[in-house]
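Going by my numbering, the letters in the sequence shown line up with residues 417 to 807, in that order.
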Amino acid sequence: MGPAFPQSEYADRLARTRRRMAEAGLDLLLVSAPDNMNYLCGYDAWSFYVPQVLVVPAADEEPVWIGRGMDSVSTRITTYLSDASILSYADDYVENPAKHPMAHVAQVLKERGWDGGRIGYEGDAYFFAARWLEVLRGNLPEAEFVDAYLLVNWVRTVKSDAEIEVMRQAARIVEHTMWVAIDAVQVGRRQCDAAARISYAQIEGTPAFGGDSPANPPSILSGENSATPHAAWTDEPFLPDTATCLELSGCRRRYHAAMSRTVYLGKPPPQMLDVAKATGEGLEAALETVKPGVVCEDVDAAWKQTIARYGLEKPSRIGYSIGVNYPPNWADHTASLRPGDKTVLEPNMTFHLMLGMWMHGWGFEMSETFRVTETGAESLTRFPRQLFVKD
């Protein structure tokens, strides 16, 4: 099987990561976030519920993967790492209060002479616990531990052409999925039944390539739930004269392209039509603002100025960097389209422009995944930008 990209791609990613490590004065980096691990070595397995790390030395040496013994086979299958760089701990370390995998990691670092200096860790990652750091510090008293959270994430922010091509494939998957989703929203059908059809389409992909399971489940917000962004679907039926907001993603080789649309069952009220019109115009204004050299907050400002003409406002951010990821979230956790974010846009940055208007008792969503080009924005997702009305 092997990794998703050529060896040269990973070599470039590793070199850019090491430059950031040098800027931070790090001798070693412990990568625990599965998205960052995938990015640097290609590792792709659903094993991140147990402790595992990719050890990246500042020196020009091959990174070392350390994880559960049974998962070392996945490392051999999905990464470029040599056998000497694939190490594992015994299974009695798993969920054992008396033994912790980070003690084994510390022992490996000692054996390799990496037990001193400044060691970076991903302190605010979903998959790095406070207990990990406690055990590491207890076993490596000579080392200085430094929170290097988001170091690799920022390296990931500008995508390669190869990554963009995979995201285009993810976009084709979400386009197919959205048509399935719109068809699935019918009066009397249970929300969970629509979710099943949507999930099938996401994994089925296209005739040319299949899909992966996205980092987020399908977001199906119907009726009063359309007024809130993160509610779960239920087994209740879709009702007439209600809106259903759909936020979905295609996922290909763990890379995401997300998109949102809204379906109304019945005759939409004037307020719904006005918000849909304002959101569509705001989306166009935001995309027209995108170009290299513009900062993130400028994109948000263009959106705000447009919807203000309709007497509307949106206090939350309108987008974020997106790319390779695993549950529970498909965001890169770096640049955001919101006031105060001075991140300068560069070619091949990718964002999910998420325009959710959550009102009192109802909502409307429309979103696209776009790429910053040399001169503007390319919408990776291509789908009619409208409120879908089903009488």
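Where a beta carbon is used, it is the ideal one built from N, C-alpha and C, also for glycine.
Here the structure is a predicted model, which is why all the values come from computation and not from measurement.
Check, Outcome
"Starting from Asp451 and walking both ways along the beta strand (DSSP E), at which residues does that stretch end?", "Careful: Asp451 lies outside any beta strand (DSSP E), inside the alpha helix (DSSP H) at 450-457."
"If you compare alpha carbons, which of Leu444, Ala420, Ser665, Glu652 is closest to Lys526?", "Leu444"
"Apart from the five residues on each side of it in sequence, which residues of its chain come closer than 7 Å, Cβ to Cβ, to Ala617?", "His592, Thr593, Val596"
"For the beta strand (DSSP E) containing Trp774, name the first residue and the last one.", "766-774"
"Given 8 Å as the limit, is there contact between the stretch 451-463 and the stretch 739-748, that is, 3 or more CB pairs closer than that?", "yes"
"Indicate the three-state DSSP secondary structure (helix, strand or coil) for Ala673 in the structure shown.", "strand"
"Considering only the alpha carbon of each residue, which of Asp757, Ile723, Leu681 lies closest to Ala701?", "Ile723"
"Cα-Cα, which of Trp746, Met782, Val574 is closest to Thr365?", "This structure gives no information on residue 365, because the portion of the chain shown stretches from 417 to 807."
"Tell me, please, which residues DSSP counts as bridged to Ser501.", "DSSP, once it has assigned bridges, lists no residue as partnering Ser501."
"Helix, strand or coil for Thr622, going by three-state DSSP, please let me know.", "coil"
"Just to confirm my understanding: we take Met437, look at its own chain, exclude 5 residues before and 5 after, and list those with CB closer than 6 Å. What are they?", "Leu445, Ala474"
"Please give me, in chain order, every unbroken run of the alpha helix (DSSP H) with length at least 4 that falls completely inside the stretch 499-565.", "517-527, 546-555"
"In this structure, what does DSSP give as the bridge partners for Cys661?", "Leu637, Thr678"
"To the nearest angstrom, report how far apart Val524 and Gly483 are at their CA atoms.", "11 Å"
"For the alpha helix (DSSP H) that contains Arg572, what are its first and last residues?", "567-572"
"Nearest-angstrom Cα distance between Pro755 and Tyr726?", "20 Å"
"Let me check understanding here. Comparing Cα to Cα, which of Gly627, Leu662, Val582, Thr491 lies closest to Asn764?", "Val582"
"Rounding to the nearest angstrom, what Cα-Cα distance links Arg588 and Ala610 in this structure?", "20 Å"
"How big is the Cα-Cα spacing for Lys683 and Asp716?", "31 Å"
"Applying the criterion that 16 or more other CB atoms from any shown protein chain within 10 Å of the CB defines a buried residue, is Val389 buried or exposed?", "Residue coverage of the chain in this structure runs from 417 to 807, which leaves residue 389 outside it and unanswerable."
"Three-state secondary structure (DSSP) at Pro656?", "coil"
"Determine the closest residue to Glu790 out of Lys707, Asp531, Gly666, Phe767, with distance taken between C-alpha atoms.", "Lys707"
"If I'm right that Gly777 touches Ala559 with Cβ under 8 Å, what's the distance once you round it to whole angstroms?", "With 8 Å as the limit, Gly777 and Ala559 do not qualify as a contact, their Cβ atoms being about 55 Å apart."
"For the stretch 717-772, list the beta strand (DSSP E) runs that are entirely contained and at least 3 residues long, ordered along the chain.", "735-738, 747-752"
"Could you tell me which of Ala648, Ser615, Trp746, Gly604 sits nearest to Phe654, measuring between CA atoms?", "Gly604"
"From what residue to what residue does the beta strand (DSSP E) around Val469 run?", "469-473"
"Does the beta-carbon distance from Thr660 to Val601 come in below 8 Å?", "yes"
"State yes or no: is the C-beta of Ala674 within less than 8 Å of the C-beta of Leu664?", "yes"
"Exposed or buried, Asn632, counting other C-beta atoms within 10 Å across all chains shown (16 or more means buried)?", "buried"
"Taking the alpha-carbon positions, what's the Pro422 to Ile493 distance?", "14 Å"
"Where does Val447 fall in DSSP's three states?", "strand"
"Anyone know if the C-beta pair for Tyr505 and Glu538 falls short of 8 Å?", "no"
"For Tyr459, count neighbouring C-beta atoms within 10 Å of its own C-beta (all shown protein chains included) and say buried if the count is 16 or more, exposed if not.", "buried"
"For Leu703, report the span of its alpha helix (DSSP H) as first-last.", "686-705"
"Name the two residues that bound the continuous alpha helix (DSSP H) containing Met437.", "423-439"
"Whole-angstrom Cβ separation of Ser752 and Met770, contact assumed at under 8 Å?", "That pair is no contact at about 10 Å."
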